[in-house]
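Contents: one structure, followed by commentary.
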Ligand SMILES: Cc1cc2nc3c(=O)[nH]c(=O)nc-3n(C[C@H](O)[C@H](O)[C@H](O)COP(=O)(O)OP(=O)(O)OC[C@H]3O[C@@H](n4cnc5c(N)ncnc54)[C@H](O)[C@@H]3O)c2cc1C
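Numbering (my numbering), first residue to last: 471 to 842.
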């Protein structure tokens, strides 16, 4: 997958080399989400990746986002996912008909002064998105929101949230609308980050809303439309998460191959032993398949074709091969594969995260089987 301009490739490469790689081990050690990588991303323009040029962004395409996801995740999927989640909100609001969204909030998101996120999941509803209980009740001039969200990327420091809430429980998914929530307003309370096994930069956590008032102009999508919007945009997310998995696998495999060429056992390089060579050859083939599935889904999204099935294939396959693939690379490097500075442990935690975000592997099987 190539970038639309070489300049964009350079930005991503420089950000990865200068910001992620020198810091990721410390961020992991501290077990915290460090907001500085989002601020730094603004210096490289990356928070405006998909915002059109005439609105102050880089004017990149969905294919650029997928290429960035794949390359940057070789250093950290957690950082990449957090960055993309914030830029998604910047891009969405830059096209809003509400001038406060497009001209005040979107530029602040692109500059890294504000951080964005998307909130569907709740403590009691994940896979079953239609079962969310956060309520939105109509009142004069706006909506009153109450409820709790959990497992939200960037919840550690998000300021601007695209949040889904139920306006009429009797209507099921048709009652779900989306709202812009400003974490600086009364009624918003941030919780602690979830203490997870790794990938802390993703900043996953929760928050609650108590009689939070959203003016009418902050209702982003009407009941019913919001659910459909979420179901369409999630195909894009599944595709770039699959690309992130391909990036992690590439990095893990490159390291295992280099190690196998340099390290000897029983009088020859490790890689000359058939058992290891074949394991890595199988893995290289799987990585190639993942790249192809991802490219197909990305092409569908880029051209406006229906991507439900192709995105589900890519995400399901990524969810199944990445954890065992990274584990095999750790094994191929012996004890050295366990060292933190290989980033293989970080990739392993992130590969596990990727098997949940934007729909679990089991939910991908459900999607695929719905076409039978
Ligand atoms: C680090 C991280 C970041 C995240 N970021 C965000 C975010 O930014 N925004 C957001 O809204 N959400 C986010 N999520 C939440 C993610 O979307 C959910 O974790 C995911 O949808 C699964 O929901 P759950 O964890 O509640 O699992 P559950 O729905 O409780 O499911 C538990 C298990 O049962 C399986 N299962 C459920 N139903 C079925 C079924 N019908 N058939 C077979 N198996 C089934 C699931 O696959 C899973 O393995 C994030 C999650 C993580 C881990």
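The beta carbon of each residue, even a glycine, is placed where N, CA and C say it ideally should be.
Here the structure is a predicted model, which is why all the values come from computation and not from measurement.
Check whether the Cβ of residue i sits closer than 7 Å to any heavy atom of ligand 1, and report yes or no.
i           : result
residue 718 : no
residue 833 : yes
residue 812 : no
residue 606 : no
residue 830 : yes
residue 555 : yes
residue 589 : yes
residue 674 : yes
residue 621 : yes
residue 728 : no
residue 596 : yes
residue 826 : yes
residue 618 : no
residue 646 : no
residue 836 : yes
residue 823 : yes
Could you tell me how far apart the beta carbons of residue i and residue j are, in whole angstroms, since I believe they sit closer than 8 Å?
i           : j           : result
residue 559 : residue 579 : 6 Å
residue 648 : residue 691 : 4 Å
residue 771 : residue 777 : 5 Å
residue 624 : residue 561 : At roughly 15 Å, the Cβ-Cβ gap does not stay under 8 Å, so residue 624 and residue 561 are not in contact.
residue 779 : residue 823 : Not confirmed; about 24 Å, so no contact.
residue 790 : residue 831 : 6 Å
residue 756 : residue 795 : 6 Å
residue 663 : residue 631 : About 15 Å separates the two Cβ atoms, so there is no contact after all.
Is residue i helix, strand or coil when you go by DSSP?
i           : result
residue 505 : coil
residue 734 : strand
residue 616 : strand
residue 562 : helix
residue 666 : coil
residue 794 : helix
residue 654 : coil
residue 825 : coil
residue 690 : strand
residue 682 : strand
residue 594 : coil
residue 490 : helix
residue 547 : helix
residue 474 : coil
residue 803 : coil
residue 583 : coil
residue 809 : coil
residue 631 : strand
residue 602 : coil
residue 647 : strand
residue 607 : strand
residue 777 : coil
residue 706 : helix
residue 697 : helix
I'd like to check one pair, residue j with residue i: are the Cβ atoms closer than 8 Å?
i           : j           : result
residue 670 : residue 792 : no
residue 726 : residue 802 : yes
residue 781 : residue 715 : no
residue 506 : residue 718 : no
residue 564 : residue 521 : yes
residue 635 : residue 617 : yes
residue 626 : residue 673 : yes
residue 784 : residue 753 : no
residue 820 : residue 538 : no
residue 585 : residue 513 : no
residue 646 : residue 684 : no
residue 607 : residue 614 : yes
residue 498 : residue 817 : no
residue 494 : residue 549 : yes
residue 700 : residue 814 : no
residue 530 : residue 581 : no
Using the beta-carbon count (16 or more within 10 Å), is residue i buried or exposed?
i           : result
residue 484 : exposed
residue 481 : buried
residue 637 : buried
residue 592 : buried
residue 633 : buried
residue 486 : buried
residue 708 : buried
residue 768 : buried
residue 688 : buried
residue 524 : exposed
residue 535 : buried
residue 556 : buried
residue 713 : buried
residue 760 : buried
residue 654 : exposed
residue 665 : exposed
residue 705 : buried
Are the C-beta atoms of residue i and some chain E residue less than 8 Å apart?
i           : result
residue 698 : Here chain E cannot be found, since the structure has a single protein chain.
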